[in-house]
Amino acid sequence: MTPQTDFLIPNTLSLASRAAWGGALTSLADVQRFVAFAKAQQLPCLVLGEGSNIVTGPEVNACVGLSRITGIRVLEENPEWVRLEIGAGENWHHLVMTALANGWNGLENLALIPGSVGAAPIQNIGAYGVEISQFVQAVVCVDEAGAVQRLASAECQFAYRDSVFKRRGELVITTVELQLHKHLNVNLSYPDVARWCAEQGVVQPTPSQIAGAVMDIRQKKLPDPEQMPNVGSFFKNPVLPASQAQALRQTFPQLSLYAQPDSQQLKLSAAQLIDIAGCKALSQGPVQLWQKQPLVLVNRGGGTCAQVLALATRIQQRVNSRFGVWLEIEPTLLTRLG
Ligand SMILES: Cc1cc2nc3c(=O)[nH]c(=O)nc-3n(C[C@H](O)[C@H](O)[C@H](O)COP(=O)(O)OP(=O)(O)OC[C@H]3O[C@@H](n4cnc5c(N)ncnc54)[C@H](O)[C@@H]3O)c2cc1C
Numbered sequence: 024m025t026p027q028t029d030f031l032i033p034n035t036l037s038l039a040s041r042a043a044w045g046g047a048l049t050s051l052a053d054v055q056r057f058v059a060f061a062k063a064q065q066l067p068c069l070v071l072g073e074g075s076n077i078v079t080g081p082e083v084n085a086c087v088g089l090s091r092i093t094g095i096r097v098l099e100e101n102p103e104w105v106r107l108e109i110g111a112g113e114n115w116h117h118l119v120m121t122a123l124a125n126g127w128n129g130l131e132n133l134a135l136i137p138g139s140v141g142a143a144p145i146q147n148i149g150a151y152g153v154e155i156s157q158f159v160q161a162v163v164c165v166d167e168a169g170a171v172q173r174l175a176s177a178e179c180q181f182a183y184r185d186s187v188f189k190r191r192g193e194l195v196i197t198t199v200e201l202q203l204h205k206h207l208n209v210n211l212s213y214p215d216v217a218r219w220c221a222e223q224g225v226v227q228p229t230p231s232q233i234a235g236a237v238m239d240i241r242q243k244k245l246p247d248p249e250q251m252p253n254v255g256s257f258f259k260n261p262v263l264p265a266s267q268a269q270a271l272r273q274t275f276p277q278l279s280l281y282a283q284p285d286s287q288q289l290k291l292s293a294a295q296l297i298d299i300a301g302c303k304a305l306s307q308g309p310v311q312l313w314q315k316q317p318l319v320l321v322n323r324g325g326g327t328c329a330q331v332l333a334l335a336t337r338i339q340q341r342v343n344s345r346f347g348v349w350l351e352i353e354p355t356l357l358t359r360l361g
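Residue numbers (our numbering): 24 to 361.
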């Protein structure tokens with residue numbers, strides 16, 4: 024791989040953006056060479072997957088590598104479970120479908136999440152009652168010195184939309200090891216999924232039927248980035264001390280509160296806060312909120328990074344003045360490198 028200058032950064036928000044240097048990384052050796060190249064250029068090294076969780080400025084003064092290591096390999100298997108090694112550049116949804124076709128279960132609630140396998144542990148992708156951390160055995164990365172590190176699941180410090188990789192941006196993920204099960208138990212904890220099954224008359228759904236339900240629900244609720252550029256949820260759901268969340272609900276009885284496992288904290292719905300704060304009609308040029316899911320900011324065409332961030336700030340300010348809660352932005356901002 025030879026890095027190119029003036030490199031176009033792919034991103035599902037369709038923001039015009041170029042990096043000083045860039046290239047596709049298809050092997051461990053490519054990653055190690057690219058890390059060394061960035062060091063020689065005295066520029067930050069930043070590796071991206073499919074750009075579905077970034078907000079990027081017009082000029083990014085960094086070496087941007089695209090994570091393109093592929094392969095899905097069985098490491099170990101018995102009648103109960105299978106342990107897989109997956110290249111960071113594999114498409115996430117392709118992995119979910121491949122797993123289901125082989126009778127390897129567990130990922131069905133995470134169907135249709137855009138992006139790459141390597142990016143999935145970074146914010147501990149989650150949907151419909153399941154998070155990837157439930158299946159991660161280890162994450163293999165390259166550090167800033169070019170050395171390979173293997174972080175066991177506990178070392179990844181997984182939490183809601185969070186992991187150690189958020190704080191250690193220098194680590195480039197090359198492969199992810201997952202353990203999936205072979206039994207047919209499914210997770211129906213999320214009301215939308217249970218309701219879908221009831222409506223379809225499905226009493227004991229198989230993992231593939233759950234994936235079908237999740238895909239149907241997502242396609243009805245979320246804009247397809249190919250048609251309407253977006254990065255999914257723009258804000259994290261706030262997690263507050265139980266006393267603060269309950270005090271808020273005394274003032275706003277319509278607020279939904281969700282228990283957090285092993286914690287005294289409660290999660291609020293950012294979409295509900297945005298809605299009650301009256302933000303749904305806000306826009307900044309062609310950047311608007313998606314009416315069916317106000318957590319999603321869409322670029323209706325020609326929007327800029329500045330407009331996306333300006334709208335996000337207005338939403339944060341409005342929600343804060345109504346509830347005293349500052350919404351945290353979920354996608355990675357590549358603006359500080361510009
Ligand atoms: C329509 C839509 C729906 C979505 N729904 C969900 C959802 O339900 N749940 C959810 O959790 N997320 C969701 N997302 C967000 C997004 O799909 C995930 O965060 C996904 O994991 C991003 O993958 P990516 O390859 O596009 O990452 P990118 O956007 O390319 O990168 C995201 C971050 O990860 C880092 N990164 C990527 N690859 C590597 C690597 N190999 N090594 C080191 N760092 C790396 C980047 O530097 C960046 O900081 C949604 C997005 C969209 C557009």
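Positions of the beta carbon are idealized from the N, C-alpha and C atoms, including for glycine.
Collapsed DSSP secondary structure at residue i in the structure displayed
i           : result
residue 84  : strand
residue 29  : strand
residue 235 : helix
residue 285 : coil
residue 320 : strand
residue 131 : helix
residue 355 : strand
residue 57  : helix
residue 249 : coil
residue 361 : Annotation note: pLDDT 46 at residue 361 (below 50); position unreliable, no value reported.
residue 174 : strand
residue 258 : strand
residue 12  : Past the edges of the chain, shown from 24 to 361, lies residue 12, and the structure says nothing about it.
residue 156 : helix
residue 35  : coil
residue 241 : helix
residue 277 : coil
residue 48  : strand
residue 41  : strand
residue 146 : coil
residue 62  : helix
Ligand 1 heavy atom lying under 7 Å from the CB of residue i
i           : result
residue 146 : yes
residue 70  : yes
residue 210 : no
residue 355 : yes
residue 334 : no
residue 186 : no
residue 142 : yes
residue 149 : yes
residue 293 : no
residue 169 : no
residue 84  : no
residue 35  : yes
residue 248 : yes
residue 67  : no
residue 214 : no
residue 131 : no
residue 74  : yes
residue 226 : no
residue 137 : yes
Integer-rounded CB distance, given that residue j should sit under 8 Å from residue i
i           : j           : result
residue 72  : residue 152 : That pair is no contact at about 24 Å.
residue 74  : residue 34  : 4 Å
residue 263 : residue 289 : 6 Å
residue 258 : residue 300 : 12 Å between Cβ atoms; not a contact.
residue 41  : residue 82  : 6 Å
Terminal residues of the beta strand (DSSP E) in which residue i lies
i           : result
residue 312 : 310 to 313
residue 159 : 159 to 165
residue 296 : Residue 296 -> not in any beta strand (DSSP E); alpha helix (DSSP H) instead, spanning 293 to 299.
Endpoints, the alpha helix (DSSP H) within which residue i is located
i           : result
residue 344 : 328 to 346
residue 271 : 265 to 274
residue 188 : 187 to 190
Alpha helix (DSSP H) runs wholly inside the region 69 to 129, at least 4 long, in chain order
115 to 124, all fully within the region 69 to 129.
What are the start and end residues of each continuous alpha helix (DSSP H) run of 4 or more residues lying completely inside the region 193 to 227, in chain order?
If one requires a minimum length of 4 residues, the alpha helix (DSSP H) runs lying completely within the region 193 to 227 are 214 to 223, in chain order.
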